[in-house]
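In the working numbering, the protein residues as written are 559 to 637. Built from N, CA and C at the ideal position, the CB exists for glycine as well. None of the values given here were measured: they were computed from a predicted structure.
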């Protein structure tokens, strides 16, 4: 007899799959169906939503650094 997985186990498995796709999602590299699934999941899952938000901010920061002209000083005084 096959047992049905516990709902929390299914949720955690879905979270794992979504986390694996987040980078591609932010880069726009997912097909529309998968991108929609990631977006829907992150709307209902606070942990994945928080992770996607933080990853998005990190990616935006790195992209901003990439756009700086060579030799730009990006250090901050810590007075």
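TODO: Let me know if residue 611 comes out buried or exposed under the rule of 16 or more other beta-carbons within 10 Å of its beta-carbon.
DONE: Exposed.
- [ ] Can you say whether residue 570 is buried or exposed, counting buried as having 16 or more other CB atoms within 10 angstroms of its CB?
- [x] exposed
Open item on the list: Can you tell me whether residue 582 is helix, strand or coil according to DSSP?
Closed with: helix
- [ ] Classify residue 626 as helix, strand or coil using the three-state DSSP reduction.
- [x] coil
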